[in-house]
Amino acid sequence: MVFPFEDMILFEQASNVLFDPLQNTCCVYDKEIPKMAGFTGILEFMERLPIQKALTNQHLVFRSHIERFWNNATYDEENKTINYVVNVNGQDKPIIIIEQLVREVINFPDDENSPTKFPERMVKGCMLRLGYNGTLNKANYLKVCYPRLYKFLIHSVLLALSHRKGGYDVMRDYQMNMVTALVLNKKYNFSKIVFHYMVENITSKSKTWVYPCFIQMMIDHAYPGLERDENNDLLVLFHMDNESLKQLGRYHPNNPEPSSKVEFFGFIKDKNYQDPDPVNH
Numbered sequence: 001m002v003f004p005f006e007d008m009i010l011f012e013q014a015s016n017v018l019f020d021p022l023q024n025t026c027c028v029y030d031k032e033i034p035k036m037a038g039f040t041g042i043l044e045f046m047e048r049l050p051i052q053k054a055l056t057n058q059h060l061v062f063r064s065h066i067e068r069f070w071n072n073a074t075y076d077e078e079n080k081t082i083n084y085v086v087n088v089n090g091q092d093k094p095i096i097i098i099e100q101l102v103r104e105v106i107n108f109p110d111d112e113n114s115p116t117k118f119p120e121r122m123v124k125g126c127m128l129r130l131g132y133n134g135t136l137n138k139a140n141y142l143k144v145c146y147p148r149l150y151k152f153l154i155h156s157v158l159l160a161l162s163h164r165k166g167g168y169d170v171m172r173d174y175q176m177n178m179v180t181a182l183v184l185n186k187k188y189n190f191s192k193i194v195f196h197y198m199v200e201n202i203t204s205k206s207k208t209w210v211y212p213c214f215i216q217m218m219i220d221h222a223y224p225g226l227e228r229d230e231n232n233d234l235l236v237l238f239h240m241d242n243e244s245l246k247q248l249g250r251y252h253p254n255n256p257e258p259s260s261k262v263e264f265f266g267f268i269k270d271k272n273y274q275d276p277d278p279v280n281h
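Count the sequence shown with UniProt numbering and you get residues 1 to 281, in order.
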C-alpha cells in the first residue's frame, strides 16, 4: 500500500488539528509478509517483549471520540488527574485518567517506582552494542545508523510510543532509555512517560491528536458500551505492512547499513536473561 507524502500528515479541517496516521501505530510479526524476510531474525525477541499490547494491539479508533477527547480533556494539577466527560445514552459520564489507569489498560509491566532514565553510560553502551555507527555525543540518535534487525526494534518502539507526530527517523533520549530497558530486561516506567506527554499535550493547548490508540483503549475500558460507528467514524491508522517494511529495509548510499556483525546480547540473546542490577538503575 503506497501513500503519497501529503497523506502522511493529515489536516483535520473540522477540528483544526494535525493528525499523523503513523503515530501510535502497531508493528506486526507476520512472516508471510514478503518484506518481513529481512527481519525474521529479531521476531522471536519481539514476541517476548513485555509491552505487547502497546506494540501490536490494532485497536479500532474512532475519529469523533479522539477529537472530543483532545478538545475537551482538562488537567487537574492538584490531584494529578486528566478529566474528561463522555455522553453515554444522553448522560454525561466522567473519565478520570491517572498514571495507574494507563498502566492497567495498556498492560505496561511497570509500577510507580520504576525509573524513566538510566545512566548515560549504560544507555550509550547499549546503543553501541546494538551496532550504532553514528555520532555518539548528539542528544538524538538516527534510526538509519543501526543494523537492519535492530532497526526493526527501534522503528517499532518509535511508532508505537512516540509522543509526537513525525520524527520517526530519530530516537530521542527517553526512547533510547525505553530500548535499553527492553534489551536489558530492566524495569521502565512506560506508563509515566505516556501520562506525562498526555498532560503536556493538554497544558500546552496543542491541537495534535496524540496517542489515538491508547486514548481509545482508555475510553473503551471506562465505557465499553459507548456508541461506535465503524462505517463512518473510523480513524484510519497506518500500521506496519509490506510497503512500510520495504521502506524500513532501505539504506541511503550516504548512510549504508552498518557493516558490523549483529551479535545478540542480553534479553535478545537469552529469554531467561535477568537484569543483573534491578535496584541501582
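Cβ atoms here follow ideal geometry from the backbone N, Cα and C, with glycine treated the same way.
Query	Result
Per DSSP, cross-strand counterpart(s) of H252	N255
Test item: CB-CB of I215 and I66 under 7 Å	yes
Three-state class that DSSP yields for F62 in the structure shown	strand
Of the residues V183, P119 and F108, the one placed nearest D270, counting alpha carbons only	V183
Every unbroken alpha helix (DSSP H) within the stretch 39-97, with a cutoff of 4 residues, ordered by chain	43-48, 52-56 and 63-72
Nearest to G249 (by Cα), restricted to the options M36, C213 and Q23	M36
Best match in L158, K138 and N133 for proximity to P147 [C-alpha to C-alpha]	N133
Beta-ladder partner(s) of Y141, from DSSP	M171
Three CB pairs or more closer than 8 Å across the stretch 89-104 and the stretch 236-256	no
With 16 other Cβ atoms within 10 Å as the buried cut-off, status of P212	buried
Any 3 or more C-beta pairs closer than 8 Å across the stretch 202-210 and the stretch 148-155	no
Cβ separation of S114 and N185, assumed to be a contact under 8 Å, to the nearest whole Å	Actually they do not touch by this definition, with Cβ atoms about 13 Å apart.
For E32 and M1, the rounded distance between their alpha carbons	Caution is warranted here: a pLDDT of 39 is assigned to M1, below 50, making its placement in the model unreliable, and the coordinate value is therefore given only provisionally. Cα-Cα distance, rounded: 16 Å.
Contact check, R159 vs T25, beta carbons under 7 Å	Note on identity: in this sequence residue 159 is Leu, with Arg being the wrong assignment. Taking 7 Å as the Cβ cut-off, L159 and T25 qualify as a contacting pair.
Rounded separation between E263 and K246 - CA only	23 Å
Those residues which DSSP pairs with L184 across a bridge	Answer by DSSP bridge pairing: none, since L184 is not bridged.
Integer-rounded CB distance, given that D277 should sit under 8 Å from K165	In fact, because the Cβ distance is near 36 Å, the residues do not count as touching under 8 Å.
7 Å Cβ cutoff met for L235 and V61	yes
heavy atom of the ligand COA below 6 Å from L161 C-beta	The ligand COA is not part of the structure shown, which contains no ligands of any sort.
Three-state secondary structure (DSSP) of L158	helix
Secondary structure of L128, DSSP reduced to three states	helix
Proximity of K138 and D169 at Cβ, strictly below 7 Å	no
Burial state of D110, where buried means 16 or more other Cβ atoms lie within 10 Å	buried
Cβ-based burial, G225 [other Cβ within 10 Å; buried from 16]	exposed
For Q23 and F5, the rounded distance between their alpha carbons	Legend: pLDDT at F5 = 34, less than 50; position of this residue unreliable, value from coordinates given subsequently. Cα to Cα, F5 sits roughly 15 Å from Q23.
Beta carbon of R172 nearer than 7 Å to that of N140	yes
Residue range of the unbroken alpha helix (DSSP H) whose run includes C26	Element bounds for C26: n/a, residue is neither H nor E.
Cβ neighbours of F118 in the same chain (closer than 8 Å, five flanking residues each side left out)	N177, T180, A181, K186 and H281
Terminal residues of the alpha helix (DSSP H) in which R269 lies	Per the sequence shown, the amino acid found at residue 269 is Lys instead of Arg. Looking at the DSSP string, the run of the alpha helix (DSSP H) that includes K269 is G266 to K269.
Residue nearest to W70 in terms of C-alpha spacing, selected from Q175, R103, T203 and E230	T203
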